[in-house]
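Taking numbering that gives the first Met the number 0, I'd label the letters of the sequence shown as residues 0 to 263.
Here's the structure we're looking at; comments come further down.
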Amino acid sequence: MIASTANKQVKYVNALQKKSRLRREEGLFVAEGLRMCGEIPPERIQTLYISESFRKNPHCGKLTERVRQVEVVTDTVFEALSDTRTPQGVLAVVRQSHYTLEQLIKEKGNIPPHLMVLEQIQDPGNLGTILRAGEGAGVTGILMDEGTVDIYSPKVARSTMGSLLRVPFVCVENLGQTLDELKSRGVRLYAAHLQGSRDYDREDYRGATAFLIGNEAGGLRPETADRADVRIRIPMMGQVESLNAAVAASVLMFEAARQRRNRG
């Protein structure tokens, strides 16, 4: 049992929680909570950490028997490991997923690509919500630029409620070049924009589609918006000028999902 916060494993997990660069270099991230840890494929878990108290949980045996490497820590040490205020007593160091642009673009069955393209999204809750809503809306993948918050940060991972494990995503170095590649592959680009010329529900999203969502404060950069085939807007009533990035993304994703359910 690990009983000291000075233990090198404890320090390593803490560093993974706090440093995106270390997560990238190691190809690992930290997942926390019973539900999240229970959904992770066992082969992706490097180490599972459980608190002394969690050993009494009826789900403990079922969870730990799946994993090769399990470490028990004192409740005090677990509090130091955890990134939450009320830890459940279980977290895992997990191997990251790796997807390619080709996997996101490739048509699956008769379902054309339905992509979200995110530029400089800074709020972890927004990114997590977009992933979670995206799974519900049937997106086939999410593209992010390097200015977007680390998808493997603890706050993003928690807010996805497990969707992080199931929705394919790629972080790209050159967003403009990637958008050009999408267009060359027949993907139609729709920029969510306050100066949109078309209402979002007037477009046809049943074909290969990508929605471009910009930074919470500044929106899409002009050079990004200029690459879109169409700038769309979500009509507003009252004195509201714009929606939260995650809410706007959800509106667009579910409109595409609605159309695709009724296709043909």
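For every residue, glycine included, the Cβ atom is placed at its ideal position computed from N, Cα and C.
Quick caveat: nothing in here was measured; it's all calculated off a predicted structure.
The three-state reading of DSSP puts Asn-13 in helix, counting H, G and I together. Glu-106 and Ser-50 have their C-alpha atoms roughly 44 Å apart. For the pair Ala-244 and Glu-222, the CB atoms are not nearer than the 7 Å cut-off. If you look at Gly-140, you'll find it in the beta strand (DSSP E) that goes 140–144. For Ile-231, no alpha helix (DSSP H) run applies; the uninterrupted beta strand (DSSP E) run containing it begins and ends at 229–232, by DSSP.
If you draw a straight line from the Cα of Gly-206 to the Cα of Val-246, it comes to about 23 Å. In the structure shown, Asp-203 falls within a coil segment according to DSSP collapsed to helix, strand and coil. Here DSSP, grouped into helix, strand and coil, assigns Ser-162 to helix.
In the three-state reduction of the DSSP assignment, Ala-136 falls in the helix class, which pools H, G and I. Under DSSP, the beta-bridge partners assigned to Asp-198 are Arg-232. In this structure, the CA atom of Glu-31 is about 43 Å from the CA atom of Ser-196. With fewer than 16 other Cβ atoms inside 10 Å of its own Cβ, Asn-261 counts as exposed. The residue among Met-0, Arg-165, Leu-126, Arg-34 with its C-alpha nearest the C-alpha of Leu-90 is Arg-34. For the 7 Å CB-CB criterion, Leu-211 and Val-169 do not form a contact.
Contact between Leu-117 and Met-143 holds, with the beta-carbon distance rounding to 5 Å and staying under 8 Å.
Inclusion of Tyr-48 and Val-72 in the CB contact set at 7 Å is warranted, their separation being smaller than that value.
C-alpha of Glu-78 to C-alpha of Val-92: approximately 16 Å in a straight line.
DSSP places Leu-80 inside the alpha helix (DSSP H), whose first and last residues are 74–80. Annotation: Ala-209 to Asp-74 spans about 46 Å, alpha carbon to alpha carbon.
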